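Just below is one structure, and these are the notes that go with it.
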Amino acid sequence: MNLILLGAPGAGKGTLAAYLIEKMGVPSVSTGNILREAIANNTPLGAKAKQFMDAGQLVPDRLVIDLLKDRIAEDDCKNGFILDGFPRTIPQAEELDKIANIDCALSLEVPDEVIEGRMTGRRVCLKCGATYHIVANPPKQENTCDNCAEPLHIRKDDKAEVVKSRLATYHEQTEPLKEYYGKQGKVKSIDGTQGIEETKRLAEKALGL
Ligand code: AMP
Numbered sequence: 001m002n003l004i005l006l007g008a009p010g011a012g013k014g015t016l017a018a019y020l021i022e023k024m025g026v027p028s029v030s031t032g033n034i035l036r037e038a039i040a041n042n043t044p045l046g047a048k049a050k051q052f053m054d055a056g057q058l059v060p061d062r063l064v065i066d067l068l069k070d071r072i073a074e075d076d077c078k079n080g081f082i083l084d085g086f087p088r089t090i091p092q093a094e095e096l097d098k099i100a101n102i103d104c105a106l107s108l109e110v111p112d113e114v115i116e117g118r119m120t121g122r123r124v125c126l127k128c129g130a131t132y133h134i135v136a137n138p139p140k141q142e143n144t145c146d147n148c149a150e151p152l153h154i155r156k157d158d159k160a161e162v163v164k165s166r167l168a169t170y171h172e173q174t175e176p177l178k179e180y181y182g183k184q185g186k187v188k189s190i191d192g193t194q195g196i197e198e199t200k201r202l203a204e205k206a207l208g209l
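Heads up, the sequence shown is in UniProt numbering, so the first residue is 1 and it goes up one at a time.
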């Protein structure tokens, strides 16, 4: 199955994707993680993306479309993939439709007020991309990644003023994707406010897993 996770930044797409990898036996592809890795490695792509990401804006379509195409052409995606954070604009969705057949767009519904509360507690591992929350999903050892024992970081774009701008960008440019995939009859919406376990359960039910 080729699955897209839709939802505002901080809706829980990354956490759900990590769970669905095991359940579905396919990899998840997060354009945000690929871009953060590029920045950490000081690559030319990272240098181009950084200014947009730090300001809470979207990286230009051309850059992300190219990197996504390369990623899903890799061998591990041939039996399916979970997209977390892509597409984020209608042009991205149109390009994706040209190269892959999307089975379902699962939309995680979480109101802005809840998102704002969540983002400030988020911590990420720059090495493996795992995400935690200091209250809702803490690592076993404080500020340390469960997978690779690296210290955890607060993303620059999780700061309060940047979060507001990311939410505005989401409503303006990404939310219209619900209608785009709705017209193709592919959207399944679930409540993403009920905690991680309930969100997993609702997702499994919606996807028939
Ligand atoms: P995320 O980890 O998915 O929240 O992405 C973090 C940041 O990376 C976003 O705020 C954007 O600046 C950039 N980004 C990630 N995915 C995309 C995308 N599909 N299109 C444009 N920018 C993206």
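We put the CB at the ideal spot given by N, CA and C, even for glycine. As the structure is a prediction and not an experimental result, all values here were calculated from the model.
Taking the alpha helix (DSSP H) that residue i falls in, what are its first and last residues?
i	result
residue 63	61-72
residue 16	13-24
residue 86	Element bounds for residue 86: n/a, residue is neither H nor E.
residue 35	31-40
residue 200	196-207
residue 48	44-54
residue 183	176-183
Out of the options, state which residue places its alpha-carbon closest to the alpha-carbon of residue i.
i	options	result
residue 208	153, 103, 156 and 132	103
residue 7	150, 153 and 107	107
residue 157	36, 18 and 1	36
residue 20	191, 80 and 53	80
residue 62	96, 201, 27 and 83	96
residue 17	200, 59 and 206	200
residue 129	169, 5 and 33	33
residue 91	127, 78 and 173	173
residue 197	5, 185 and 15	15
residue 114	2, 5, 10 and 1	10
residue 185	149, 195 and 177	177
residue 116	160, 154 and 2	160
Looking at the unbroken beta strand (DSSP E) that takes in residue i, where does it start and where does it end?
i	result
residue 170	Unbroken run through residue 170: none, as it is neither H nor E.
residue 5	2-6
residue 188	187-191
Does any heavy atom of the ligand AMP sit closer than 7 Å to the C-beta of residue i?
i	result
residue 189	no
residue 199	no
residue 157	yes
residue 182	no
residue 64	yes
residue 118	no
residue 110	no
residue 44	no
residue 35	yes
residue 5	no
residue 51	no
residue 138	no
residue 85	yes
residue 58	yes
residue 211	Since the first residue shown for the chain is 1 and the last is 209, residue 211 is missing from the structure and cannot be characterised.
Quick check on residue i: buried or exposed, where buried means 16 or more other Cβ atoms within 10 Å of its Cβ?
i	result
residue 135	exposed
residue 84	buried
residue 169	buried
residue 98	exposed
residue 131	buried
residue 165	exposed
residue 31	buried
residue 56	buried
residue 87	buried
residue 203	buried
residue 43	exposed
residue 38	buried
Got a sec: does the ligand HEM put a non-hydrogen atom nearer than 7 Å to the Cβ of residue i?
i	result
residue 30	Absence of the ligand HEM is noted for the structure shown, with the ligand AMP being the only ligands found.
Quick check for students: name the residue ranges of the alpha helix (DSSP H) that lie wholly in the stretch 75-150, counting only runs of 4 or more. Runs of the alpha helix (DSSP H) inside the stretch 75-150: 90-99 and 112-119.
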